[in-house]
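A.B. asks:
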Amino acid sequence: PESPILCRLPRVTIVGAGRVGSTLAQRIAEKNLADVVLLDIVEGMPQGLALDLMEARGIELHNRQIVGTNNYADTAGSQIVVITAGLPRKPGMSRDDLLKTNAKIVVEAAKNAIACSPHAIFIVVTNPLDVMTYLAWQATGLSRERIMGMAGVLDSARFETFIALELGVLPADVKAMVLGSHGDLMVPLSRYATVNGIPITELLDAATIERLVQRTRNGGAEIVELMQTGGAFFAPASATSVMVESILLNQSRLLPIATYLQGEYGLEDVVIGVPCRLGCGGIENVLELNLSDSEREALHTSAQSVRQNIVRAQEILAIK
Ligand code: TXD
């Protein structure tokens, strides 16, 4: 008899078919990773985007299905659900200013999506990232292995970009990790950044490294200020697709991921970015790096601000 497994292609649902969501759909389909369901509250918009992406398939030489919908029933049986629904920043806004609107949107999206795909792994993208991931974790009741936030891969890519530009080397040769919350208090680990294994501290002076760290911290705002009409989406979509790929292909990549901590780094009951191994079951383990006193303090300060915003968000959600 025909094996049912052969007919079951992986399916990724993206809730929020805005700029990050639609660009991510394109990346996933064109990398041939999975079929994609794009869901949005705006009627017709995800359907139009899906049709547009489908019409590019012959040119891009892939055969993945892209479906647009306003109905969660169409997302059933997804292996991965990515939540990008919510408002992006406007110039002058911090990510935390988005808390009020986005908390309700993310909790609702997470509940609706888990009801249709009870076995899915969730990746939250909506800002303020660490708080939204915590709320989605709570709303779904999922184990921490199966629900996480994307920010560190993007922040690290930004740091790597600025190092590569400064040194005039290929960005792919630069490896760096940015930990902590996705905000002004993020923790770029300069000590661990290398160019093909050579520490950047051997290649750049302290003042230059500090300048690149500051530009990384301000990376999102720099783009919002330039664009005026929203935030970055190409690199965020690329960064999210790396996580989707590591799960679907069981790559066990070691990536900075916003995860629920249970005592690691001396932190508990908070979501924050730390190095994690990511495979087909979700987060395989959290790596505890040796941090210097100042790095550890920066991570704790960052966690403290996330905690305060979690409390604020819970108050907002209780009001209804
Ligand atoms: O590193 C990171 N984590 C981030 C996060 C990098 C870039 C963007 N980051 C955040 O992602 C950003 O601050 C926003 O909170 C989200 C989405 O950013 P995007 O730039 O894609 O915003 P858009 O283009 O406005 O898209 C949001 C879509 C839009 O189409 C809305 O109609 C939809 O979300 N939306 C909803 N969809 C489903 N259900 C509900 N309730 C809903 N509400 C809005």
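Its first residue numbered -3, the sequence shown is counted upward by one per residue in this note's numbering. Using N, Cα and C, we set each Cβ at its ideal position, and we do this for glycine too. Computed from a predicted structure; not experimentally measured.
1) Can you check DSSP and say which residues form a bridge with Q258?
2) For D36, name the three-state secondary structure that DSSP assigns.
3) So, with DSSP's three-state summary, where would you put F118?
4) Nearer than 7 Å: is that true of the beta carbon of R154 relative to any heavy atom of the ligand TXD?
5) Using only alpha-carbon positions, find the residue among S152, G12 and V238 that is nearest to S248.
6) So E280 is in the beta strand (DSSP E); what residue range does that whole segment cover?
7) By Cβ distance, which residues of its chain are closer than 8 Å to T212, with the 5 residues on each side in sequence left out?
8) Apart from the five residues on each side of it in sequence, which residues of its chain come closer than 7 Å, Cβ to Cβ, to V302?
9) With DSSP run on the structure shown, which of helix, strand or coil describes D92?
10) Under the rule that 16 or more other beta-carbon atoms within 10 Å means buried, what is F230, buried or exposed?
11) Can you give me the C-alpha to C-alpha distance between N67 and Y256, rounded to a whole angstrom?
12) Taking 7 Å as the cut-off, does the CB of F230 come closer than this to any heavy atom belonging to the ligand TXD?
13) Leaving out the 5 sequence neighbours to the left and right, which residues in its chain are closer than 6 Å to A105 when beta-carbon positions are compared?
14) Just the Cα atoms here: how many angstroms apart are L245 and E56?
15) Secondary structure at T197, three-state DSSP: helix, strand or coil?
16) Using 10 angstroms around the beta-carbon of L283, count the other beta-carbons present and answer buried if the total reaches 16, otherwise exposed.
17) Use the C-beta contact count for I194: other C-beta atoms within 10 angstroms, 16 or more gives buried, fewer gives exposed.
18) Following a CB-centred definition, is M239 positioned closer than 7 Å to any heavy atom of the ligand TXD?
19) With DSSP as the reference, label N6 as helix, strand or coil.
20) Considering V63, what are the terminal residues of the beta strand (DSSP E) in which it resides?
C.D. replies: Taking the geometry as given:
1) E264
2) coil
3) strand
4) no
5) V238
6) According to the DSSP assignment, E280 belongs to the beta strand (DSSP E) that extends over G278 to V282.
7) D151, R154, F155, F158, V174, M182 and P184
8) D126, V127, S177, V266, V267 and I268
9) helix
10) exposed
11) 29 Å
12) Residue side-chain check: F230 keeps its Cβ at 7 Å or more from all non-hydrogen atoms of the ligand TXD.
13) Taken in chain order, the residues that qualify are V11, I79 and A81.
14) 21 Å
15) DSSP, reduced to helix, strand and coil, places T197 within a helical segment of the structure shown.
16) exposed
17) exposed
18) no
19) The sequence given here places Pro at residue 6; Asn does not occur at that position. Coil at P6, not helix or strand.
20) Segment I62 to T65, the beta strand (DSSP E) holding V63.
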